[in-house]
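Participant: Count along the sequence shown from 1, add 57, and you get the number used in the numbering used here. Encoded as structure tokens, here's the structure I'll be asking about.
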Amino acid sequence: MSAFNRKWLINASALFLLFGVSPVFAEFAYNFPESVSPLTRNIHDLHMLTTKLAFWIMVVIIAIVGYAIFKFRKSAGYEADQEFHKGTFGVWSWLLVPVVVLGIDFSISGPGLKALDMV
């Protein structure tokens, strides 16, 4: 066995022993524990709503960025528009995108305020 293969085998074995059979992974949970009171159920529901919303926003953003990277790459001969911010679309997009983001934030805050009223 060569020195490289022996070193690789030792490193792989050490990583497996450190991370593969650790008791830390025995109860590996991503979510909140089971809710008991009505308030904690509401908080859990709010948590799940925001998690789902954040996931779908992330999926849409990754799709848009992936499309933009593929469509507008330099090797395809695309040249960036240097006057985007001066046109009507550019001006309105700088206004409407933050308004949409704030609208999403305010739609999430409604159930949060209802949960706080129960306290």
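Every residue, glycine too, gets a C-beta built ideally from N, C-alpha and C. Only a predicted model underlies this, so the values are computations on that prediction, with no experimental measurement involved.
#1: Which whole-angstrom value describes the C-beta separation of residue 175 and residue 95, a residue pair presumed to lie in contact below a C-beta threshold of 8 Å?
#2: Quick one, are the C-beta atoms of residue 92 and residue 104 less than 8 Å apart?
#3: What does the alpha-carbon distance come out to for the pair residue 145 and residue 107?
#4: Report the rounded CA-to-CA distance for residue 157 versus residue 74, giving the unit in angstroms.
#5: Looking at residue 67 and residue 110, is the spacing between their C-beta atoms short of 8 Å?
#6: Below 8 Å on the Cβ atoms is my contact criterion, and I expect residue 129 with residue 135 to pass it. Report the Cβ-Cβ distance as a whole number of Å.
#7: CA-CA distance, residue 115 and residue 154?
#8: With a threshold of 8 Å on Cβ separation, who are the neighbours of residue 98 within its own chain once the five nearest residues in sequence on each side are excluded?
#9: Near residue 171, what residues of its chain come up, given a Cβ to Cβ distance below 8 Å and the 5 sequence neighbours on each side ignored?
Facilitator: In short, the structure shows the following:
#1: As a first step, residue 175 is located in the sequence shown; it is residue number 118 there, counting from the start. As a first step, residue 95 is located in the sequence shown; it is residue number 38 there, counting from the start. Right, the Cβ-Cβ distance comes to about 7 Å (below 8 Å), so this counts as a contact.
#2: Here residue 92 refers to the residue found at position 35 of the sequence shown. Here residue 104 refers to the residue found at position 47 of the sequence shown. In this structure, the beta-carbon distance from residue 92 to residue 104 does not fall below 8 Å.
#3: Position 88 of the sequence shown, counted from the first residue, corresponds to residue 145. Position 50 of the sequence shown, counted from the first residue, corresponds to residue 107. Whole-angstrom Cα-Cα distance: 33 Å.
#4: Locating residue 157 in the sequence shown gives position 100, where the first residue counts as 1. Locating residue 74 in the sequence shown gives position 17, where the first residue counts as 1. Going by the C-alpha atoms only, they are around 48 Å apart.
#5: For this step, residue 110 is matched to residue 53 along the sequence shown. For this step, residue 67 is matched to residue 10 along the sequence shown. No. Outside cutoff.
#6: Within the sequence shown, the letter at position 72 stands for residue 129. Within the sequence shown, the letter at position 78 stands for residue 135. The beta-carbon separation of residue 129 and residue 135, rounded to 5 Å, stays under the 8 Å limit for a contact.
#7: Residue numbering aside, residue 115 sits at position 58 when the sequence shown is read from its first letter. Residue numbering aside, residue 154 sits at position 97 when the sequence shown is read from its first letter. Whole-angstrom Cα-Cα distance: 15 Å.
#8: Along the sequence shown, one-based indexing puts residue 98 at 41. Answer for residue 98: 92, listed in chain order.
#9: By 1-based counting over the sequence shown, the position of residue 171 is 114. Answer for residue 171: 99, listed in chain order.
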